[in-house]
Amino acid sequence: MNKIAGVYHSIPHFLLTALTIIAVLLLTLIPVPQQIVPDVNNIDKVVHFLMFGIIASITWLDVAHYRCTPPTWRQYICVAVASSLLGGAIEFLQGTEFINRSCDLYDFIADTAGAFILPPLLRPCLWRLLPTAQKVGLRTVARPTPELEHVYNESFPPEERRDWGNINRLASDTAHPLQFTEVLWLGKPVGLISWWNFGKWAYLEHFAITSSLRGSGIGATALTKWLDMIAIPAVLEVELPGSNSMASRRICFYERLGFIAHRNFSYIQPPYAPGLPSIPLILMTYGNIHNLDHVVSVLHTQVYGVNK
0 MNKIAGVYHS IPHFLLTALT IIAVLLLTLI PVPQQIVPDV NNIDKVVHFL MFGIIASITW
60 LDVAHYRCTP PTWRQYICVA VASSLLGGAI EFLQGTEFIN RSCDLYDFIA DTAGAFILPP
120 LLRPCLWRLL PTAQKVGLRT VARPTPELEH VYNESFPPEE RRDWGNINRL ASDTAHPLQF
180 TEVLWLGKPV GLISWWNFGK WAYLEHFAIT SSLRGSGIGA TALTKWLDMI AIPAVLEVEL
240 PGSNSMASRR ICFYERLGFI AHRNFSYIQP PYAPGLPSIP LILMTYGNIH NLDHVVSVLH
300 TQVYGVNK
């Protein structure tokens, strides 16, 4: 599938759609000797179903690729209707004296059925042909999907995360600056970004991707899209190099995305709950954030609830 996707990415937009339509026009509008047509009941209806289903599917793929989006259902409706109308136009032309082929209402019904039925069935395959950036989506939600609780808990030790019940309580407060953005892969939630919107800058509290998809480029794509979405500077915390096997790799990951690690700035994360320890961490910033003392003050008072 990766090789097929590579070939698809190398050809001009809508070339595949154009070639498919040309092939269908040749098959349907050029007179065919009757003896080469298979004598099978309703075989022509099956062929019409497949032809216009393939036209709609490939057009849907090309539209999504051109617009740099996943294959949306609005796109599907548009291309299915257009493919059905093309089938109707071809049936009309077949009935003219110029073409002199049979015009069959049931062929048009098969065209329409194929245009509407086949693309949703092929959608998972179509999606895999698109670039990674188009397979990854973001969805801001009022409350995280319950299925992401496991992803969240397995990504952080207890001293570095909130209790899931606490997350749901904060999500119930619509005036609270804590927000949740789900990471979607092929339309399904596979990760979570919890962040605080402080107006002029954002604090990325937690960023988690399901373990089976880590290292695939999904996390980097999702975080890049999130930074573009919020369009303000951002701050996050990372563990000290050497504190565990992944700490240095995480710092490098964020640095590749444009974050700066303030290694010489002393920072302590207060405990999330009584009985949990404070943790020395490193602050990393993205964009123009110069007053780290102010950032720490906001984090300690608003995020961790530490009194001044």
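Position 292 of the sequence shown, counting from 1, maps to 291 under numbering that gives the first Met the number 0, and the rest follow consecutively.
Glycine included, C-beta positions come from ideal geometry on N, C-alpha and C.
Going by Cα to Cα distance, which pick from the options is closest to residue i?
i    : options                   : result
L191 : D110, A201, L185 and A221 : A221
H47  : L26, A63 and G216         : L26
A207 : D227, E181 and F197       : E181
P70  : L92, S215, S56 and I288   : S56
V294 : H12, E158 and E236        : E236
C67  : P188, T173 and G136       : G136
A112 : L203, V80, P130 and L128  : V80
P188 : P145, Y266 and M50        : P145
A272 : R160, A17 and P130        : R160
G52  : R73, I20 and N41          : I20
W72  : G186, N152 and L84        : G186
V131 : N290, H8 and N306         : Per the sequence shown, the amino acid found at residue 131 is Thr instead of Val. Comparing Cα positions, the closest option is H8.
Y266 : M228, C77, L291 and R127  : L291
P156 : C102, S242 and G214       : S242
K2   : S101, L85, L120 and L129  : L129
V150 : Q268, L18 and S193        : S193
I229 : S101, N306 and Q178       : Q178
Check whether the Cβ atoms of residue i and residue j sit closer than 8 Å, and answer yes or no.
i    : j    : result
R138 : L212 : no
L28  : L92  : yes
W59  : P118 : yes
L280 : L226 : no
Q133 : A219 : no
H299 : L282 : no
Y75  : H12  : no
E158 : P276 : yes
Give every residue of the same chain whose Cβ lies closer than 6 Å to the Cβ of residue i, excluding the five residues on either side of it in the sequence, and list them in chain order.
i    : result
D162 : none
S247 : P240
I42  : none
Can you determine whether any heavy atom of the ligand PLP sits closer than 7 Å to the C-beta of residue i, and answer yes or no?
i    : result
H149 : Although the ligand PLP was asked about, the structure shown includes no ligands whatsoever.
My understanding is that residue i touches residue j, with C-beta atoms under 8 Å, so please give their C-beta distance in whole angstroms.
i    : j    : result
W200 : P176 : Not a contact, Cβ separation roughly 11 Å.
I278 : P232 : Contact doesn't hold; Cβ gap of about 23 Å is too wide.
G90  : F115 : A small fix is needed here, since residue 90 is Glu in this sequence, not Gly. The pair is not a contact, with the Cβ atoms about 17 Å apart (cut-off 8 Å).
Y202 : V302 : 6 Å
S210 : E153 : 6 Å
Starting from the C-beta of residue i, find all residues in its chain whose C-beta is less than 7 Å away, skip the five residues before and the five after it, and write them out in chain order.
i    : result
G274 : none
V297 : F197
Y285 : L226, P232, A233, G257 and F258
Y105 : K44
V23  : M50 and I54
Just the Cα atoms here: how many angstroms apart are residue i and residue j?
i    : j    : result
L14  : A4   : 15 Å
K224 : I217 : 11 Å
A109 : K44  : 6 Å
L147 : D61  : 32 Å
G164 : R122 : 36 Å
F252 : G87  : 53 Å
L85  : A170 : 49 Å
E254 : S83  : 50 Å
T173 : A17  : 49 Å
V305 : N263 : 23 Å
V78  : I10  : 20 Å
V6   : R168 : 48 Å
P270 : S215 : 32 Å
L120 : I166 : 37 Å
Grab me the residues of residue i's own chain with a C-beta within less than 8 Å of its C-beta, minus the 5 sequence neighbours each way, in chain order.
i    : result
R249 : V237 and E238
Q268 : E159, E236, S277, I278, P279, L280 and Y303
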